[in-house]
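Protein chains in written order, with our numbering: chain R, 18 to 238; chain L, 377 to 752.
Glycine included, each C-beta is placed from N, C-alpha and C at the ideal position.
What follows is one structure encoded as structure tokens, with my remarks underneath.
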Amino acid sequence: MNVLNFIHAFFSDSSHWHGYDGIPARLWEHIQYSLEALAYAALIGLPIGLITGHYGRGGNTLALIATAGRALPSFGLLVLMFIWLGFGMLPVMIPLVILAVPPILVTTYEAMRSVDPSPVDAARGMGMPEARVLFQVEFPVALPLILSGLRSAAIQIVSTATIAAYVSLGGLGRYIIDGLYQKNYEKVVGGATLVAAMALATLGIFWAIARLTVSPGVRRG
Amino acid sequence: MIRIDSVTKRYPDGTVAVDRLSLEIPHRSITVFVGPSGCGKTTTLRMINRMVEPSEGRILLDGADIQAQPVNTLRRSMGYVIQNAGLFQHRTIIDNIATVPRLLGWSKQRARSRAAELMERVGLDSALAKRYPYQLSGGQQQRVGVARALAADPPVLLMDEPFSAVDPVVRKGLQDELLRIQGELGKTIVFVTHDIDEAIKLGTMVAVMRTGGHLAQFAPPAELLTDPADAFVEDFLGADRGIRRLSFFPSADLELQTAPIVAIDADATRLGARATADAPYLLVTDLDGRPLGWGEPRALTPGSIRPEQLVSYGRPFVPGKDSLRAALDGSVLSPTGWAVAVDGEGRAVGVVSQQVIGAAIRTAHAEGRDDAKVGG
């Protein structure tokens, strides 16, 4: 049996489409985990990246934190957190957030740094308050790069959120882990396909967000 | 009026950008700061809107210390134009121009209608309103920069090398436009440039600065050209300051001769009668009176003068509008040594010899008519 046959068998089995272990339920769980982790990571990464980038300070520290964050193995961290904190969402969220903060933080910082300084100088010279300079002059121009940081963070979260299943939680990882345990490769391949499809959907969503939020003057300019 | 009162700017590393500078920037006129890079001209400008804070001394705006009011209030009362315009690329042209009115709390609609007015004032097509900066040429972007600075009708305009990034032809257009706008609005303009010709063309007063933040000379442009304070200023002014100074003498008083002007259909009697020992050549015009060229009376065919019988008449000047420099230039360019004066429509109104122009230059020097500033 080849991979396509596995995929076909997995998706055409009607029992995979309902119930607590059905595709809609697992997909929904996976989306929830991913959105939650992305929200926390953005809550940490965006403000720090925006402020350090605006003032142009702390770039080296950020690079250091980012490298450290990337060096931490998500799976090892998950097991460690599970032992320390026990069963629950928190041991899953911590590694996912640690995974996602560096791309958001570093890209946001770089995006703010790469904004042409002359409009910023003009804005200050016209008497624009500092917060408006940040949000109305720098941010709209930095937005495409900032979104690309969020996008790579989101894709990494989507593919890594499968580890939640290791600590008895749900999500699309369930199919992969259960399938491996049960030697049910149809399930493994089906789960992996769903994760890949979700990663692609994430790309599409970010493309749409960029179309809607980035000014045409920046997109082409 | 802006008074700069023994202002020094010293940076933490000990560099002195501006050294005990004192001068008065007159009301409703253009004051140009000019000098080589590192002379502190931009720093001086940026101290006026507190983009740079002086280390010592103070700056007074209409008698009040600029430190007295909140920094953003001060800045909103001064238009600010920088090199490369510094437009907001994510905003349309009209919204770029509406920036300061919006900061001042105007409604969007009112700010936009004001911005539309400004577009017209600086010579921008209203069709550009909804465009983004990247869709405009460098010269158009700089016009938007000027319109944006004027949007809230500030009494003071600070311009930091605004035209130095555009090509010479566009730059000349922008300079003429600025002089025209200034004639209409009468702002107190502080203008920074490294181009001495730009300074002389635009400035009512010119402050020449030298490296280290010292003021070398502060004078009207004509005085600068006549009487440079020292070797540095003289050197900075360049070689042909005598010729350039002629820009400040009007050509209106030149005594024009009309006798040597003949139309293309002039008959033999007329051709014979017009030439004199004093004016050996004839200026031939078309039937509307527009100059065609100079000719020797004997070489011209009476009744129908042909183009190949004529030589170029150089570049005509408009008495009353152009300066003695333009008249002299016209006479130098003409192979006969005579300059042609035309009216606003380009019709010949007279001719004048180099000798007469030379005499007028000597008279003007003697009378010291430095203050009579006219265009190019």
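Residue 102(R) and residue 45(R) have their alpha carbons spaced roughly 25 Å apart. With 16 or more other CB atoms across the displayed protein chains lying within 10 angstroms of its CB, residue 563(L) is buried.
Residue 573(L) sits in a helix when the DSSP states are folded into three classes. Residue 131(R) has a beta carbon lying at 8 Å or more from every beta carbon in chain L.
With the criterion set as a beta carbon lying under 8 Å from some beta carbon of chain R, the segment 618-630 of chain L has no members that meet it. Excluding its 5 nearest sequence neighbours in each direction, residue 413(L) has C-beta neighbours in its own chain below 7 Å: 570, listed in chain order.
A straight line joining the alpha-carbon of residue 725(L) with that of residue 639(L) spans about 13 Å.
When only Cα atoms are considered, residue 544(L) and residue 550(L) end up about 10 Å apart. With the rule of 3 Cβ pairs closer than 8 Å, the segment 686-699 of chain L counts as touching the segment 709-723 of chain L. Within its own chain, the residues whose Cβ lies closer than 6 Å to the Cβ of residue 94(R), once the five positions on either side in sequence are excluded, are 112, listed in chain order. The beta carbon of residue 38(R) does not come within 8 Å of any beta carbon belonging to chain L, so the residue lies off that interface. The shortest CA-to-CA distance from residue 379(L) to any of 596(L), 739(L), 424(L) and 694(L) is the one to 424(L). Assignment of beta-bridge partners to residue 699(L) by DSSP yields 626(L).
Residues 112, 180 and 183 of the same chain have their beta carbon placed closer than 8 Å to that of residue 92(R), with the five preceding and five following residues left out of the count.
The DSSP assignment places no complete run of the beta strand (DSSP E) inside the segment 103-144 of chain R (cut-off: 3 residues). Per the DSSP secondary-structure output, residue 409(L) pairs in a beta bridge with 568(L) and 583(L). Here residue 86(R) really is in contact with residue 119(R); their C-beta atoms are around 4 Å apart, less than 8 Å. Note: residue 594(L) is bridge-paired with 583(L) in the DSSP secondary-structure output. A straight-line Cα-Cα distance of about 7 Å links residue 565(L) and residue 404(L).
Here the C-alpha atom of residue 482(L) lies approximately 15 Å from the C-alpha atom of residue 524(L).
Here DSSP, grouped into helix, strand and coil, assigns residue 670(L) to strand.
In the three-state reduction of the DSSP assignment, residue 545(L) falls in the helix class, which pools H, G and I. Among the residues of the segment 499-527 of chain L, those with a Cβ less than 7 Å away from any Cβ of chain R are 508, 509 and 510, in the order of the chain. Those residues of the segment 128-159 of chain R placed with their C-beta closer than 7 Å to a C-beta in chain L are 135, 136, 138, 139, 141, 142, 143, 144, 145, 146, 154, 157 and 158, ordered along the chain. The DSSP assignment places complete alpha helix (DSSP H) segments of no fewer than 4 residues inside the segment 677-730 of chain L at 700-709, in order along the chain. Beyond the five residues adjoining it in sequence on each side, residue 169(R) comes within less than 7 Å, by CB distance, of 120 in the same chain, given in chain order. By the neighbour-count criterion, in which 16 or more other beta carbons inside 10 Å mark a residue as buried, residue 714(L) falls on the buried side. Residue 33(R) and residue 164(R) have their alpha carbons spaced roughly 35 Å apart. The C-alpha of residue 419(L) is placed about 12 Å away from the C-alpha of residue 391(L).
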